[in-house]
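Chains as they are written, first to last, in our numbering: chain A, 4 to 118; chain B, 23 to 136.
Ideal Cβ positions, reconstructed from N, Cα and C, are used throughout, including at glycine.
For reference, the structure is listed below as structure tokens.
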Amino acid sequence: EAGVAQSPRYKIIEKRQSVAFWCNPISGHATLYWYQQILGQGPKLLIQFQNNGVVDDSQLPKDRFSAERLKGVDSTLKIQPAKLEDSAVYLCASSGGTGGPDTQYFGPGTRLTVL
Amino acid sequence: GESVGLHLPTLSVQEGDNSIINCAYSNSASDYFIWYKQESGKGPQFIIDIRSNMDKRQGQRVTVLLNKTVKHLSLQIAATQPGDSAVYFCAENADAGNNRKLIWGLGTSLAVNP
């Protein structure tokens, strides 16, 4: 089966600009996650969707970050305005298929550099 | 070679040797554990998992051991190859109210010397 797709793979912006990332989960996976990964650290969950509803967004900086999954499939994560400390890799993952509800499968990530 | 993921984040082994990567988890209520491999520039890749009703599970060249008494998890890689060079993360999954959360360890970098 096809894996989790993300785009773009790389993005360089200046602080105070806005940016959006796109994710297409594995077909049939009801749960979708967005993570932020700082170099050398484990992923930090930003938001979790179950179908098109938000299950957990407790660590999402809501003053500047937003995410949506309108039709319960694709999702977008937006940052507006970006800060220097937002430089990181943004990972999308999905779960809920034959691998079981707990096994998360990750996309390649989008590496964001904020100058 | 062997490492404690939280205290020695880098493990260097010779090609062909066995590697052991250790992880101490935090939540005694965690009932599902996963090892991920992350190569440079890629997302984490699922390697193997184990549920809390087991203490050992084997895959292809990999074995995960779970010791619930001391909340310790280990990943053993047999006949380590250069392609095994990556950062390895353990993750624990536990109920958090009406949701299950994945809690990530700090990661251990494995370097395989040819």
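Own chain, CB closer than 6 Å to residue i, minus 5 neighbours either side, in chain order
i: Ile-41 of chain A; result: Ala-91
i: Lys-81 of chain A; result: Ala-23 and Ser-69
i: Glu-61 of chain B; result: Ala-108
i: Pro-28 of chain A; result: Val-7, Leu-35 and Ser-97
8 Å Cβ shell around residue i - same chain, five flanking residues per side excluded
i: Leu-30 of chain B; result: Any reading at Leu-30 of chain B must be qualified, since the residue scores a pLDDT of 46, below 50, and its modelled position is unreliable; the value itself is stated next. Within the same chain, Leu-30 of chain B has close Cβ partners Thr-130.
i: Val-35 of chain B; result: Gly-23, Ser-41, Thr-102, Leu-132, Ala-133, Val-134 and Asn-135
Contact under 9 Å by Cβ, residue i with residue j
i: Ala-96 of chain A; j: Gly-65 of chain B; result: yes
i: Lys-59 of chain B; j: Ala-108 of chain B; result: yes
i: Phe-111 of chain B; j: Gln-107 of chain A; result: no
i: Trp-25 of chain A; j: Asp-77 of chain A; result: yes
i: Cys-45 of chain B; j: Leu-124 of chain B; result: no
i: Gly-127 of chain B; j: Gly-45 of chain A; result: yes
i: Leu-94 of chain A; j: Gly-75 of chain A; result: no
i: Leu-87 of chain B; j: Asp-77 of chain B; result: yes
i: Thr-116 of chain A; j: Lys-47 of chain A; result: no
Host beta strand (DSSP E) of residue i (start-end)
i: Ala-46 of chain B; result: 41 to 46
i: Thr-116 of chain A; result: 113 to 117
i: Thr-34 of chain A; result: 34 to 40
i: Ile-72 of chain B; result: 67 to 73
i: Thr-130 of chain B; result: 130 to 135
i: Gly-56 of chain A; result: 56 to 59
i: Ile-1 of chain A; result: Because chain A spans 4 through 118 in this model, residue 1 of chain A falls outside it and cannot be assessed.
i: Thr-79 of chain A; result: 78 to 82
i: Glu-71 of chain A; result: 68 to 71
i: Ala-23 of chain A; result: 22 to 27
Own chain residues within Cβ distance below 7 Å of residue i, not counting five before or after
i: Arg-83 of chain B; result: Ile-99, Ala-100 and Ala-101
Contact belief for residue i with residue j at Cβ below 8 Å, rounded distance in angstroms
i: Leu-95 of chain B; j: Tyr-54 of chain B; result: With a Cβ gap of about 11 Å, Leu-95 of chain B and Tyr-54 of chain B do not count as contacting.
i: Pro-84 of chain A; j: Gln-20 of chain A; result: 7 Å
i: Gln-53 of chain A; j: Thr-34 of chain A; result: 5 Å
Residue i: contacting residues in chain A (beta-carbon distance under 8 Å)
i: Asn-115 of chain B; result: Asp-105
i: Leu-128 of chain B; result: Gln-44 and Gly-45
Contact set between residue i and chain B, taken where Cβ atoms lie within less than 9 Å
i: Phe-109 of chain A; result: Tyr-58, Gln-60, Lys-64, Gly-65, Pro-66, Gln-67 and Phe-68
i: Leu-94 of chain A; result: Gly-65 and Pro-66
Per-residue contacts from residue i into chain B (C-beta, under 7 Å)
i: Gly-112 of chain A; result: Gly-65
Proximal chain A residues relative to residue i, where beta-carbon distance stays under 7 Å
i: Asp-71 of chain B; result: Thr-106
i: Tyr-47 of chain B; result: Here the premise fails: no neighbours, minimum Cβ distance about 13 Å.
i: Arg-122 of chain B; result: Asp-105
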